[in-house]
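Before any comments, here is the structure.
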Amino acid sequence: MPNLHALSCRSSGMPSTASSPVDSAPNIRRYPLLNVLMILLLGSASVAAMAQTPSDLEAAARQAERLQNEMNQRIQQQRLQDLQSDQPPTRLQVVPPTPRPRDSAACRDISTVEIQNAELLPERVRRDIQESYQGRCLGVAEIEQLLADITAAYMTRGYVTARAYLPGQDLSQGTLIIEVEEGQLERIDINDGDKRSISPGNVFPGKVGEPLNLRDLEQALDQINRLSSNNATMEILPGTEAGDSLVRFNNEPGQPYHLNLTYDNNGQKATGRNQLGVNLGLDNPLGFNDFLSLTHRRAQPYESGKRSSYFNNLTYVLPWGYNTFSLSLSDSEYASLLKAPSGAKLKTNGDSQTYTLQMDRVLWRGQSGQWNLSGALTQKEQGNYLEDILLEVSSRRLSVFDLDSSYTTRVLGGAFSLNLGVARGLHLFGSLKDASNLPDWAPRAQFTKYKYGFGYYRPFELLNQELSFNSQFSGQHARDVLYGSERISLGSLYTVRGFNEESIAGDHGYYWRNELALTHRFSLPNGRPALLRPFVGLDYGKAWNREDESAGDLSSASLGVGVMTGPVNLNLTLAHPLDSPKYETDQGDTLAFSLSLSL
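Going by full-length UniProt numbering, 206 is the number at position 206 of the sequence shown; the sequence numbering is gapless.
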């Protein structure tokens with residue numbers, strides 16, 4: 001007989017009302033006659049499942065968790081892809097003025113320097129500039145250098161239209177007065193041929209009448225060019241009033257819709273290794289510089305009820321100045337035949353729905369880096385079935401709040417990023433609530449886990465060849481025992497390559513991916529430009545649990561190549577496992593391919 005805490009006597013077509021296995025056990029004991037009637041009514045489907053051994057149920061639960069984790073990774077990758085821009089962050093450079101050399105033979109003794117109307121400069125900065133010139137004999141060259149220093153102090157803070165000048169005055173008393181005209185933004189003009197490709201109210205809200213800052217312009221360009229149909233530039237022009245400025249965005253937008261077709265073998269053998277995907281992207285559908293993405297992936301061939309899987313995702317992104325709001329809806333299903341430890345072939349299937357509301361904000365951006373903060377509220381619901389009987393041990397609804405922070409900056413000619421975050425399970429929207437008497441080894445729905453990671457990307461040249469090094473590290477540490485959907489899962493194209501069919505998972509864990517690539521640009525015989533990108537990779541990952549000493553290590557070496565020409569993109573990756581736990585099946589070398597066509 002199966003463990004009734006793990007197996008619910010409900011068909012897949014009946015809704016689940018139990019909040020946890022702990023809550024369902026008293027009902028089974030309280031109504032023994034009802035349970036007998038339910039078993040008789042369910043008929044042969046129930047009998048087939050009830051006849052399985054506990055090891056069969058455990059095998060089904062493990063496979064369900066592995067397949068759902070693979071779906072969760074795909075959902076996360078699709079959401080990241082929809083939120084990321086194809087363009088690197090905008091960095092506008094302005095060279096501070098350099099005073100011309102002058103003869104400083106004639107000078108005046110200056111005991112006091114006053115900088116007036118410099119409200120945007122911190123008091124400490126003004127004081128440092130003043131003290132460096134007070135008590136000196138200043139000539140024309142020194143005064144021009146003083147004006148240049150004040151202007152440079154503004155420019156380093158992004159205020160590129162501020163101007164320091166010398167008003168008429170009497171220097172006989174030893175006091176030098178410097179006036180500052182900080183200026184303001186008079187208006188914003190859009191030059192795009194009346195195609196309404198840019199919404200100033202979304203990308204540059206509330207800036208008219210305010211001092212003009214270069215960081216605001218960079219952020220606006222990032223939000224505009226987040227849409228792949230845009231390739232905007234900007235220019236600053238004099239306004240109608242002294243000190244005022246006009247910002248003009250120039251853009252020649254392309255087609256607002258994008259269709260991408262993919263075919264790859266990145267799925268699971270149990271649910272369909274080969275996958276066909278279609279993605280439709282719509283730029284600016286509501287006129288707010290917004291973005292809508294629709295994705296569908298399906299196993300090929302699709303054997304309904306035997307070996308099949310599909311995945312749907314809808315993402316909507318809305319920018320608002322330094323904020324970006326997004327809503328993501330995903331659902332997926334799978335079906336598979338499991339060869340159980342008892343030798344029986346069992347039908348397993350499952351479904352999941354994920355809803356995420358997220359807000360990203362750029363807290364700070366400077367000349368060489370920026371600091372981002374994001375908050376996301378996610379509801380995850382998944383159901384797994386063995387012979388149409390719900391497996392409660394691997395079926396649940398969770399609500400999770402994620403708070404993540406990232407800092408990026410330039411280091412040694414490359415881009416360095418540091419990521420820190422925390423996730424907390426909440427009892428919201430009918431999600432699972434932890435019982436008050438759960439043992440230490442039981443997973444928690446109201447959990448806390450910490451996330452961490454870093455990345456470094458460095459392009460360089462060697463023997464006149466374009467190369468790049470990319471290193472990514474990511475991990476998590478849990479304060480509680482976690483359900484499968486919240487554990488870190490290792491062994492996929494996105495974590496440790498070469499282990500698509502055999503993955504490991506744990507409450508704690510990390511992985512480290514390293515890649516060295518060569519970029520070779522050439523032309524095809526028909527003159528079309530093309531790009532060849534061979535690479536080598538080395539990956540390592542480790543996962544372990546809180547309540548036992550079980551641990552696992554994965555490592556692999558990979559060799560691959562990417563070819564891109566026009567709308568066609570082909571990627572091949574040959575991965576060789578180097579190390580894996582003894583209980584894992586050696587699957588040997590794996591070849592992953594992905595072919596995409598952009599229309």
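Quick reminder that beta carbons are idealized off the backbone N, C-alpha and C, glycines included.
Tell me which residue opens and which closes the beta strand (DSSP E) that I115 is part of. Residue numbering aside, residue 115 sits at position 115 when the sequence shown is read from its first letter. Taken as a continuous stretch (DSSP letters only), the beta strand (DSSP E) holding I115 covers 112-116.
Tell me, please, which residues DSSP counts as bridged to H258. Locating residue 258 in the sequence shown gives position 258, where the first residue counts as 1. The partner list for H258 (beta bridge, DSSP) reads G281.
In whole angstroms, what separates the C-alpha of S524 from that of P256? On the sequence shown, residue 524 is found 524 positions in, with the first residue counted as 1. On the sequence shown, residue 256 is found 256 positions in, with the first residue counted as 1. The sequence shown places Leu at residue 524, rather than the Ser named in the question. So the two alpha carbons sit approximately 28 Å from each other.
Please identify the residue among S417, A530, L438 whose C-alpha is closest to the C-alpha of Q472. Taking the sequence shown and counting its residues from 1, one reaches residue 472 at position 472. Of the candidates S417, A530, L438, the one whose C-alpha sits nearest the C-alpha of Q472 is S417.
Do the region 357-370 and the region 386-401 meet, that is, are 3 or more Cβ pairs less than 8 Å apart? no
Going by C-alpha to C-alpha distance, which of W512, G498, E501 sits closest to G453? Reading the sequence shown from its first residue, position 453 is the one you call residue 453. Ranking the options by Cα distance to G453, first place goes to W512.
Looking at the unbroken beta strand (DSSP E) that takes in I190, where does it start and where does it end? Working through the sequence shown from its first residue, we reach residue 190 at position 190. Per DSSP, I190 belongs to the beta strand (DSSP E) from 184-191.
Can you find at least 3 beta carbon pairs, one from the region 516-534 and one from the region 478-487, that sit closer than 8 Å? no
Does the Cβ of R124 have 16 or more other Cβ atoms within 10 Å, making it buried, or fewer, making it exposed? To locate residue 124, count along the sequence shown from 1; it is residue 124. Exposed: under 16 other Cβ atoms inside 10 Å.
Which residues mark the beginning and the end of the beta strand (DSSP E) in which Y511 is found? By one-based count along the sequence shown, residue 511 stands at place 511. Segment 508-523, the beta strand (DSSP E) holding Y511.
Kindly identify the DSSP beta-bridge partner or partners of V536. As a first step, residue 536 is located in the sequence shown; it is residue number 536 there, counting from the start. V536 is bridged to L516, L559.
When you compare only the Cα positions, how much space is there between L314 and S395? Start at 1 with the first residue of the sequence shown, and residue 314 comes out as number 314. Start at 1 with the first residue of the sequence shown, and residue 395 comes out as number 395. Rounded to whole angstroms, L314 to S395 spans 23 Å at the Cα level.
Rounded distance between the beta-carbons of L329 and Y310, thought under 8 Å: What you label residue 310 is simply residue 310 of the sequence shown in a count that begins at 1. What you label residue 329 is simply residue 329 of the sequence shown in a count that begins at 1. Rounded, the Cβ-Cβ distance is 15 Å, inconsistent with contact.
Report the CB separation of W320 from N202 in whole angstroms; it is logged as a contact under 8 Å. On the sequence shown, position 320 is the one that residue 320 refers to. On the sequence shown, position 202 is the one that residue 202 refers to. Their Cβ separation, rounded to whole angstroms, is 6 Å, which keeps W320 and N202 in contact under 8 Å.
Apart from the five residues on each side of it in sequence, which residues of its chain come closer than 8 Å, Cβ to Cβ, to E114? The residue given as residue 114 occupies position 114 in the sequence shown. Around E114: Q130, T175, L176, I177, I178.
Report yes if the CB atom of N279 is closer than 8 Å to the CB atom of L227, and no otherwise. Position 279 of the sequence shown, counted from the first residue, corresponds to residue 279. Position 227 of the sequence shown, counted from the first residue, corresponds to residue 227. Cβ distance not < 8 Å, so N279 and L227 don't count as in contact.
Residues that DSSP places opposite F429 in a beta bridge: Your numbering for residue 429 matches position 429 in the sequence shown. Answer is none; F429 lacks a bridge partner.
Local Cβ density within 10 Å of T409, reported as buried at 16 or more and exposed below that: Taking the sequence shown and counting its residues from 1, the one referred to as residue 409 is at position 409. T409 should be labelled exposed.
List the endpoints of the continuous beta strand (DSSP E) containing T240. Residue mapping note: residue 240 aligns to position 240 of the sequence shown, counting from 1. Looking at the DSSP string, T240 is not in any beta strand (DSSP E), and its letter there is neither H nor E.
Opposing strand residues paired with C137 [DSSP bridges]: Here residue 137 refers to the residue found at position 137 when the sequence shown is read from its first residue. Answer by DSSP bridge pairing, in chain order: D109.
Local Cβ density within 10 Å of A106, reported as buried at 16 or more and exposed below that: Here residue 106 refers to the residue found at position 106 when the sequence shown is read from its first residue. Exposed, since its Cβ has fewer than 16 Cβ neighbours within 10 Å.
So is D507 buried or exposed if we call it buried at 16+ other beta carbons inside 10 Å? Along the sequence shown, one-based indexing puts residue 507 at 507. Answer is buried; the Cβ neighbour count reaches 16.
Use the C-beta contact count for K542: other C-beta atoms within 10 angstroms, 16 or more gives buried, fewer gives exposed. Within the sequence shown, the letter at position 542 stands for residue 542. Buried, because 16 or more other Cβ atoms sit within 10 Å of the Cβ of K542.
Residue of Y263, N265, L282, S197 minimising C-alpha distance to F249: Position 249 of the sequence shown, counted from the first residue, corresponds to residue 249. Of the candidates Y263, N265, L282, S197, the one whose C-alpha sits nearest the C-alpha of F249 is S197.
Report the rounded CA-to-CA distance for R546 versus V496, giving the unit in angstroms. For the purposes of this step, residue 546 is identified with residue 546 of the sequence shown, where counting begins at 1. For the purposes of this step, residue 496 is identified with residue 496 of the sequence shown, where counting begins at 1. Each residue's alpha carbon lies about 22 Å from the other.
On the DSSP bridge list, what partners appear for Y310? Your numbering for residue 310 matches position 310 in the sequence shown. R298, E333, per the DSSP bridge assignment.
What does a CB cutoff of less than 6 Å around L373 pick up in its chain, not counting 5 residues either side in sequence? To locate residue 373, count along the sequence shown from 1; it is residue 373. Around L373: R361, L363, S405.
Whose C-alpha, out of F291, E181, R66, is nearest the C-alpha of S326? Taking the sequence shown and counting its residues from 1, one reaches residue 326 at position 326. When each option's Cα is compared against that of S326, the closest is F291.
Output the residue ranges of the alpha helix (DSSP H) runs that lie fully inside the region 143-226 and measure 4 residues or longer, sorted by chain position. 200-203, 214-225
Cross-strand partners of D244 (DSSP beta bridge): Walking along the sequence shown from the start, residue 244 turns up at place 244. Beta-bridge pairing links D244 to Q184.
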